[in-house]
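Each residue of the sequence shown is one higher than the last, beginning at 13 in our numbering. Backbone N, C-alpha and C define an ideal beta-carbon position, used for all residues, glycine too. Read through the structure below, which is laid out as structure tokens, and then see the notes.
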Amino acid sequence: MGVLEGAFLGLVQGLTEFLPISSSGHLAIVGTLIGAEDPGAAFTAICQLGTEAAVILYFRKDIARIIGQWVRSLTGRVPRNDPDARMGWLVILGTIPIGLLGLLFQDAIETTLRGFVVIATTLWVFALVLGAADRFGRKERTLDQLTWKHGVLFGLAQAMALIPGVSRSGGTITMGLLLGYTREAAARYSFLLAIPAVVLSGFYQLYDEVSTGAAIAWAPTAVATVVAFAVGFVVIAWLMRFITTHSYKGFVVYRIALAVVVYALVLANVLPAWNGTSFG
Numbered sequence: 013m014g015v016l017e018g019a020f021l022g023l024v025q026g027l028t029e030f031l032p033i034s035s036s037g038h039l040a041i042v043g044t045l046i047g048a049e050d051p052g053a054a055f056t057a058i059c060q061l062g063t064e065a066a067v068i069l070y071f072r073k074d075i076a077r078i079i080g081q082w083v084r085s086l087t088g089r090v091p092r093n094d095p096d097a098r099m100g101w102l103v104i105l106g107t108i109p110i111g112l113l114g115l116l117f118q119d120a121i122e123t124t125l126r127g128f129v130v131i132a133t134t135l136w137v138f139a140l141v142l143g144a145a146d147r148f149g150r151k152e153r154t155l156d157q158l159t160w161k162h163g164v165l166f167g168l169a170q171a172m173a174l175i176p177g178v179s180r181s182g183g184t185i186t187m188g189l190l191l192g193y194t195r196e197a198a199a200r201y202s203f204l205l206a207i208p209a210v211v212l213s214g215f216y217q218l219y220d221e222v223s224t225g226a227a228i229a230w231a232p233t234a235v236a237t238v239v240a241f242a243v244g245f246v247v248i249a250w251l252m253r254f255i256t257t258h259s260y261k262g263f264v265v266y267r268i269a270l271a272v273v274v275y276a277l278v279l280a281n282v283l284p285a286w287n288g289t290s291f292g
């Protein structure tokens, strides 16, 4: 992978990370089609540090307030049921599922589950789930009504994004809509919930690659991360405005169309079906 390929993949990461269309799936598809091959789970995790930096910058006031109140609740300076302190605990609780499942199924995530048949299938299956949730969800609840049970369910939905094609934001937003939360509330909690999971995953993958002596394309990865940060910030700002007046229908249609394209490319042996194995 060269620097130009890295920059292009960073652009793809920034454009797709926060939209419910799967950034990891897009990185795998685009990386293979431009000749850089699937950049892999490690590149994806490190590149996501850029987009999470964009989240931290965009929600910096919320994050600072949540962390401050959470720390004060530990010393008894504010009640433990303070809304911001409680949100801090809910983010921690919701992070546990993806942390445990990521460690347990790390090998499968980095190999078998990156097959393009898996990606295409998860794209259209979860498109239908998102469409149903957006169509029939009550969209009444706000974040101050977030319960401990719902925090765990959000966390389990986020953990499903370990499979390329599911989408981290798509999974958590879908769960939020199914539980009756507004589009804005589901998206906001989705972004906050992703911060510890993505940051820890990125640095863990970085440590793992360095400690095992694996060859890392540092320049392309660094460029991709910077590009992903800049583009990701713009996408967050756009999406938070967009969902106040629009449904997720467009994303549902896009996911299904992309799934059809990926299946066609697999049948044509342009993309591998199962972990490097061509179809037919």
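Can you give me the Cβ contacts of residue i inside the same chain, cut-off strictly under 7 Å, excluding the 5 residues immediately before and after it?
i: A19; result: V235, A236 and V239
i: G244; result: G26, E29, F30, G62, T63 and A66
Once the 5 residues before and after residue i are set aside, which same chain residues still bring their CB inside 6 Å of it?
i: L251; result: F30
i: T194; result: K151
i: G100; result: I78 and W82
i: H38; result: V24 and T28
i: M187; result: L165, F166 and A169
i: R153; result: G192 and Y193
Which residue from the options puts its Cα closest to that of residue i?
i: I107; options: T134, I68, L21 and T184; result: Before going on, a small fix: residue 107 reads as Thr here, not Ile. For T107, the nearest C-alpha among the options comes from T184.
i: G111; options: R200, A271, V178 and Q217; result: Q217
i: R180; options: T256, F215, L135 and G192; result: L135
i: W286; options: Y219, I131 and R153; result: I131
i: V141; options: Y260, L270 and L283; result: Y260
Given that a residue counts as buried once 16 or more other Cβ atoms are within 10 Å of its Cβ, and exposed if not, what is residue i?
i: G288; result: Note that G288 scores a pLDDT of 44, beneath 50, so its modelled location is shaky; the value from the coordinates is reported in the next line. Burial call: exposed.
i: L174; result: buried
i: G127; result: buried
i: S213; result: buried
i: H56; result: Note on residue identity: the sequence assigns Thr, not His, to residue 56. It counts as buried.
i: H162; result: buried
i: V264; result: buried
Leaving out five residues on either side along the sequence, give the residues of the same chain with a beta carbon under 8 Å from the beta carbon of residue i.
i: D96; result: R77, I78, G80, Q81 and W82
Does any CB atom of chain C fall closer than 9 Å to the CB of residue i?
i: V15; result: Chain labels in this structure do not include chain C; a single protein chain is all it has.
Alpha helix (DSSP H) containing residue i: first to last residue?
i: V265; result: K261 to L279
i: K161; result: W160 to A171
i: G26; result: V15 to T28
i: H38; result: S35 to L45
My understanding is that residue i touches residue j, with C-beta atoms under 8 Å, so please give their C-beta distance in whole angstroms.
i: Q60; j: V178; result: Between V178 and Q60 the Cβ distance is about 14 Å, and since that is not below 8 Å, they are no contact.
i: G149; j: L190; result: 6 Å
i: I41; j: V272; result: That pair is no contact at about 13 Å.
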